[in-house]
Amino acid sequence: VPRDAPPTCCSSPPSSPPSRLPRARSTATAWPSGDAASGGEASPDGGRNPFAPLVELWRRTVQPLGDYGFGKRSVWEGGVGLFMVSGAALLALALAWLRGFQLRSRFRKYSAVFEFSQACGICVGTPLRIRGVTVGSVVRVDSSLRSIDAYVEVEDDKIIVPRNSLVEVNQSGLLMETMIDITPKDPLPTPSVGPLDTDCSKEGLILCDKERMKGQQGVSLDAMVGIFTRLGRDMEEIGVHKSFKLAEKVASIMEEAQPLLSRIEALAEEVQPLVSEVRDSDLVKDVETIAKGLADASGDLRRLKSSMLTPENSDLIKQSIFTLIFTLKNIESISSDISGFTGDEATRRHGGTSSC
Numbered sequence: 001v002p003r004d005a006p007p008t009c010c011s012s013p014p015s016s017p018p019s020r021l022p023r024a025r026s027t028a029t030a031w032p033s034g035d036a037a038s039g040g041e042a043s044p045d046g047g048r049n050p051f052a053p054l055v056e057l058w059r060r061t062v063q064p065l066g067d068y069g070f071g072k073r074s075v076w077e078g079g080v081g082l083f084m085v086s087g088a089a090l091l092a093l094a095l096a097w098l099r100g101f102q103l104r105s106r107f108r109k110y111s112a113v114f115e116f117s118q119a120c121g122i123c124v125g126t127p128l129r130i131r132g133v134t135v136g137s138v139v140r141v142d143s144s145l146r147s148i149d150a151y152v153e154v155e156d157d158k159i160i161v162p163r164n165s166l167v168e169v170n171q172s173g174l175l176m177e178t179m180i181d182i183t184p185k186d187p188l189p190t191p192s193v194g195p196l197d198t199d200c201s202k203e204g205l206i207l208c209d210k211e212r213m214k215g216q217q218g219v220s221l222d223a224m225v226g227i228f229t230r231l232g233r234d235m236e237e238i239g240v241h242k243s244f245k246l247a248e249k250v251a252s253i254m255e256e257a258q259p260l261l262s263r264i265e266a267l268a269e270e271v272q273p274l275v276s277e278v279r280d281s282d283l284v285k286d287v288e289t290i291a292k293g294l295a296d297a298s299g300d301l302r303r304l305k306s307s308m309l310t311p312e313n314s315d316l317i318k319q320s321i322f323t324l325i326f327t328l329k330n331i332e333s334i335s336s337d338i339s340g341f342t343g344d345e346a347t348r349r350h351g352g353t354s355s356c
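If you read the sequence shown in the UniProt record's numbering, its first letter stands for residue 1, the second for the next number, and so on.
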């Protein structure tokens with residue numbers, strides 16, 4: 001080693017300028033090719049990854065973007081933005097569809113007015129039912145000194161209310177919920193137009209739009225409370241003292257009837273041996289024999305009747321009756337002639353002269 005050469009322990013290698021790779025090469029490193037990515041990565045359980053085709057498709061799709069300088073972050077940001085834009089578009093379409101559905105359903109509804117003598121808890125939102133199925137609700141209630149007007153709205157114009165229907169306001173359920181029940185009666189109409197048609201009122205078969213119809217009170221909690229109140233007042237008028245007196249009289253009658261019941265019991269005990277003796281004796285057998293003989297005799301009479309009353313015998317009997325009637329008529333005519341002959345005055349004189 002020369003003397004003027006610096007020691008090796010203190011020498012440092014000359015610094016080389018940092019190498020700069022081409023941008024396309026760095027992007028290629030950031031986005032590996034599909035062949036390197038799909039190098040047959042195996043799942044932890046030893047099988048092939050089921051999402052490998054999708055990952056391969058995604059990498060091949062973003063490969064051109066990586067070649068043009070779009071990094072992974074840029075692609076994800078663009079995907080998120082596209083997702084938000086598509087979500088906003090779908091939300092706008094859904095809102096527009098709901099708005100159109102509401103508009104269509106609003107045009108298909110029709111309203112009517114039911115008049116009741118008592119409200120019975122009718123308010124806005126009270127359901128309207130046809131044979132137990134809810135078809136609408138009450139939208140307004142107007143009260144007056146004469147009646148209560150409930151304005152209802154039917155959800156579909158295909159639901160018709162016949163004019164001969166029974167309209168009742170009922171209260172049912174544990175909480176006594178108020179509802180308007182419509183029960184169609186026979187004969188059921190077959191209208192040719194709907195309730196929103198202009199010719200509906202001319203046909204007069206169903207309840208048309210904005211028409212009125214009278215209803216009546218059905219099952220009501222107020223009516224039941226009134227009935228129990230009247231019963232309580234009647235019981236107060238009768239009085240508890242009278243009720244106790246009635247109970248005492250019933251008890252005394254039962255005490256008086258006790259000896260009679262004991263006598264009836266003793267009589268039944270005395271009659272029971274007689275009944276057993278009658279059962280054990282031959283009387284029952286004799287009665288059975290007599291009944292059997294009567295049954296046989298009735299059978300013989302039926303057979304005799306059937307053998308005698310044949311069609312031929314019936315015709316002969318009818319002919320004999322006709323002949324007898326004819327003979328009686330002849331005898332009657334002869335007797336009338338004889339009475340007329342003997343009733344003549346000249347005949348009587350001649351008879352008297354000849355007798356002398």
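Beta carbons are placed, not taken as given, at the ideal position from N, Cα and C, and that holds for glycine.
Requested in this report: Assuming V169 and E153 form a contact by the criterion Cβ under 8 Å, report the distance between their Cβ atoms to the nearest whole angstrom.
Outcome: One-based indexing of the sequence shown puts residue 169 at position 169. One-based indexing of the sequence shown puts residue 153 at position 153. Not a contact, Cβ separation roughly 17 Å.
Query - Classification of S165 by the beta-carbon crowding that lies within 10 angstroms, buried from 16 upward - result: Within the sequence shown, numbered from 1, the residue matching residue 165 stands at position 165. It is buried - the Cβ of S165 has at least 16 other Cβ atoms within 10 Å.
Query raised in the report: How big is the Cα-Cα spacing for V124 and Q118?
Result: Here residue 124 is taken as the residue at index 124 of the sequence shown, counted from 1. Here residue 118 is taken as the residue at index 118 of the sequence shown, counted from 1. So the two alpha carbons sit approximately 15 Å from each other.
**Report entry** Inter-residue Cα distance where the pair is R163 and I206
**Finding:** The residue you call residue 163 lines up with position 163 of the sequence shown. The residue you call residue 206 lines up with position 206 of the sequence shown. So the alpha carbons of these two residues sit roughly 5 Å apart.
Query - 8 Å Cβ cutoff met for I180 and A223 - result: As a first step, residue 180 must be located in the sequence shown, where it is residue number 180. As a first step, residue 223 must be located in the sequence shown, where it is residue number 223. No, Cβ-Cβ distance for I180 and A223 is not below 8 Å.
Requested in this report: Can you check DSSP and say which residues form a bridge with N170?
Outcome: Residue 170 sits at position 170 when you count from the first residue of the sequence shown. Note: N170 sits in a beta bridge opposite M179.
Query raised in the report: Which value, in whole angstroms, describes the spacing of the CA atoms of I253 and P259?
Result: The residue labelled residue 253 in the question sits at position 253 within the sequence shown. The residue labelled residue 259 in the question sits at position 259 within the sequence shown. The straight-line gap from Cα to Cα measures roughly 11 Å.
Query raised in the report: In this structure, what does DSSP give as the bridge partners for F114?
Result: Locating residue 114 in the sequence shown gives position 114, where the first residue counts as 1. DSSP output for F114 lists A150, M213 as bridge partner(s).
Query raised in the report: For V133, which beta-bridge partners are listed by DSSP?
Result: Taking the sequence shown and counting its residues from 1, the one referred to as residue 133 is at position 133. Paired residue(s): I130.
Report task. State the CB to CB distance for the pair E203 and P195, rounded to an integer number of angstroms; the pair is presumed to be in contact (CB under 8 Å). Result -> The count along the sequence shown starts at 1 and reaches residue 203 at position 203. The count along the sequence shown starts at 1 and reaches residue 195 at position 195. Between P195 and E203 the Cβ distance is about 10 Å, and since that is not below 8 Å, they are no contact.
Requested in this report: Quick one: using the 10 Å Cβ neighbour count with 16 as the cut-off for buried, is V284 buried or exposed?
Outcome: For this step, residue 284 is matched to residue 284 along the sequence shown. With fewer than 16 Cβ atoms within 10 Å of its Cβ, V284 is classed as exposed.
Query raised in the report: G121 and T178: beta carbons closer than 8 Å?
Result: Residue 121 sits at position 121 when you count from the first residue of the sequence shown. Residue 178 sits at position 178 when you count from the first residue of the sequence shown. Closer than 8 Å, so yes.
Query raised in the report: Is P189 helix, strand or coil by DSSP?
Result: In the sequence shown, counting from the first residue as 1, residue 189 sits at position 189. Three-state result, P189: coil.
Query - Cβ neighbour criterion (16 or more within 10 Å) applied to L128 - result: Your numbering for residue 128 matches position 128 in the sequence shown. It counts as buried.
Report task. Identify whether D199 lies in helix, strand or coil by the three-state DSSP scheme. Result -> Along the sequence shown, read from residue 1 onward, the residue named residue 199 stands at position 199. Three-state result, D199: coil.
Query raised in the report: By Cβ distance below 6 Å, which residues in the same chain neighbour I130 in space, the five residues on each side in sequence not counted?
Result: Counting from one through the sequence shown, the residue named residue 130 turns up at place 130. For I130, where only same-chain residues beyond five positions count, the Cβ hits under 6 Å are I182.
Query raised in the report: Expressed to the nearest angstrom, what Euclidean distance is found between the alpha-carbon atoms of L246 and D234?
Result: Your numbering for residue 246 matches position 246 in the sequence shown. Your numbering for residue 234 matches position 234 in the sequence shown. Looking at the two C-alpha atoms, the distance is approximately 16 Å.
Report task. Starting from E155, follow the alpha helix (DSSP H) in both directions and report where the run begins and ends. Result -> Counted from its first residue, the sequence shown places residue 155 at position 155. Counting along the chain, E155 falls outside any alpha helix (DSSP H), and DSSP gives it neither H nor E.
Query raised in the report: Ends of the alpha helix (DSSP H) at L221?
Result: Within the sequence shown, the letter at position 221 stands for residue 221. Looking at the DSSP string, the run of the alpha helix (DSSP H) that includes L221 is 221-238.
Report task. May I have the straight-line CA-CA distance separating D337 from P311, to the nearest angstrom? Result -> The residue given as residue 337 occupies position 337 in the sequence shown. The residue given as residue 311 occupies position 311 in the sequence shown. D337 and P311: Cα-Cα distance of roughly 39 Å.
Query raised in the report: Which of the three DSSP states, helix, strand or coil, is assigned to S336?
Result: Numbered from its first residue, the sequence shown carries residue 336 at position 336. Note: S336 maps to helix in three-state DSSP.
Requested in this report: Tell me, please, which residues DSSP counts as bridged to D142.
Outcome: Here residue 142 is taken as the residue at index 142 of the sequence shown, counted from 1. The partner list for D142 (beta bridge, DSSP) reads D149.
Query raised in the report: Could you give the distance in angstroms between the alpha-carbon of R212 and the alpha-carbon of L91?
Result: Residue mapping note: residue 212 aligns to position 212 of the sequence shown, counting from 1. Residue mapping note: residue 91 aligns to position 91 of the sequence shown, counting from 1. Distance between the alpha carbons of R212 and L91 is about 42 Å.
Report task. Measure the alpha-carbon distance for residue 394 versus S201 and round it to whole angstroms. Result -> Since the first residue of the chain shown is 1 and the last is 356, residue 394 is not available in this structure.
Query raised in the report: Is E115 closer than 8 Å to S147 when the C-beta atoms are compared?
Result: On the sequence shown, position 147 is the one that residue 147 refers to. On the sequence shown, position 115 is the one that residue 115 refers to. Yes, Cβ-Cβ distance for S147 and E115 is below 8 Å.
Query raised in the report: With S143 and D209 assumed to form a contact (beta carbons below 8 Å), what rounded beta-carbon distance in angstroms separates them?
Result: As a first step, residue 143 is located in the sequence shown; it is residue number 143 there, counting from the start. As a first step, residue 209 is located in the sequence shown; it is residue number 209 there, counting from the start. About 23 Å; that fails the 8 Å criterion.
Requested in this report: Check whether the Cβ atoms of D157 and R108 lie closer than 8 Å to each other.
Outcome: Taking the first residue of the sequence shown as 1, we reach residue 157 at position 157. Taking the first residue of the sequence shown as 1, we reach residue 108 at position 108. Yes.
Query raised in the report: Less than 8 Å separating the beta-carbons of Q171 and S220?
Result: Taking the first residue of the sequence shown as 1, we reach residue 171 at position 171. Taking the first residue of the sequence shown as 1, we reach residue 220 at position 220. Contact: yes.
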